[in-house]
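Residue 6 is where the sequence shown starts when you use our numbering, and the numbers rise one by one after that.
In this text, a Cβ means the ideal position worked out from N, Cα and C, and glycines have one as well.
Reading through the structure tokens given below for one structure.
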Amino acid sequence: MDQIDDTKSCSGLLEDFPVKMNKRWQDVNILLLAYLGDAVYELWVRKHLLEQGIEKVEEMHKTAVHYVQAKNQAGLLRILMPELDETEKDVVMRGRNAKGHHPRNVDVVTYRHATAFEALVGYWYLTGKKTRMNEIFKRVDSIMDLLSSSE
6 MDQIDDTKSC SGLLEDFPVK MNKRWQDVNI LLLAYLGDAV YELWVRKHLL
56 EQGIEKVEEM HKTAVHYVQA KNQAGLLRIL MPELDETEKD VVMRGRNAKG
106 HHPRNVDVVT YRHATAFEAL VGYWYLTGKK TRMNEIFKRV DSIMDLLSSS
156 E
């Protein structure tokens, strides 16, 4: 059986920093930043779970859903807020205040905070803040454990 070559793994999917655009990141619709951030975070979660040794699709899906649930993304943001710089806090504020539709199974406040977290991830990705994004992502497991124990 062929081994996976780590030098050519899917981590390269998140290596294209910063994204080349015709406009400043501040001029990008905040909901587009959140949409991008959602995809980046989801890809990171799936890659992370593969690295943790999860090999069954059902198990990966169930675990990934836990990571990307709006209430858990909102909880991540709540814990990270004191560590954010002013620009990051501005992105969060814009994401939280963005007008959009929310699913019926999540309250508006939780959904808006989850959107703010996704906008923050989109901002890090779009502006090439790879180191910052990775240092936060490295802490996601411990923060998720903390959130689970407080339920």
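Taking all protein chains shown into account, Thr-132 has 16 or more neighbouring C-beta atoms within 10 Å of its C-beta and is therefore buried.
Contact annotation: Val-145 and Ala-124 have beta-carbon atoms that are not nearer than 8 angstroms. Note that the C-beta distance between Arg-101 and Thr-115 is not below 8 angstroms. Under the rule that a run must span 3 or more residues, no beta strand (DSSP E) segment is found entirely inside the segment 60–146. For Arg-51, the secondary structure class from DSSP, reduced to helix, strand or coil, is helix. Residues Met-65 and Ala-69 of the same chain have their beta carbon placed closer than 8 angstroms to that of Arg-51, with the five preceding and five following residues left out of the count. With 16 or more other Cβ atoms inside 10 Å of its own Cβ, Arg-117 counts as buried. Going by beta carbons, Val-33 and Tyr-130 fall outside the 8 angstroms limit. Within 10 angstroms of the beta-carbon of Asn-77 lie 16 or more other beta-carbons, which makes it buried. Taken atom to atom, the span from the alpha-carbon of Trp-49 to that of Ala-75 is near 16 angstroms.
Rounded to whole angstroms, the gap between the alpha carbons of Leu-41 and Gly-127 is 5 angstroms. Between Leu-82 and Phe-122, the CB-CB gap stays under 8 angstroms.
Around the CB of Glu-60, fewer than 16 other CB atoms lie within 10 Å, so the residue is classed as exposed. Here Ile-35 is not near Arg-137, since their CB atoms are 8 angstroms or more apart. Taking each of Lys-143, Leu-37 and Phe-142 in turn and checking the Cα distance to Gly-105, the smallest one comes out for Leu-37.
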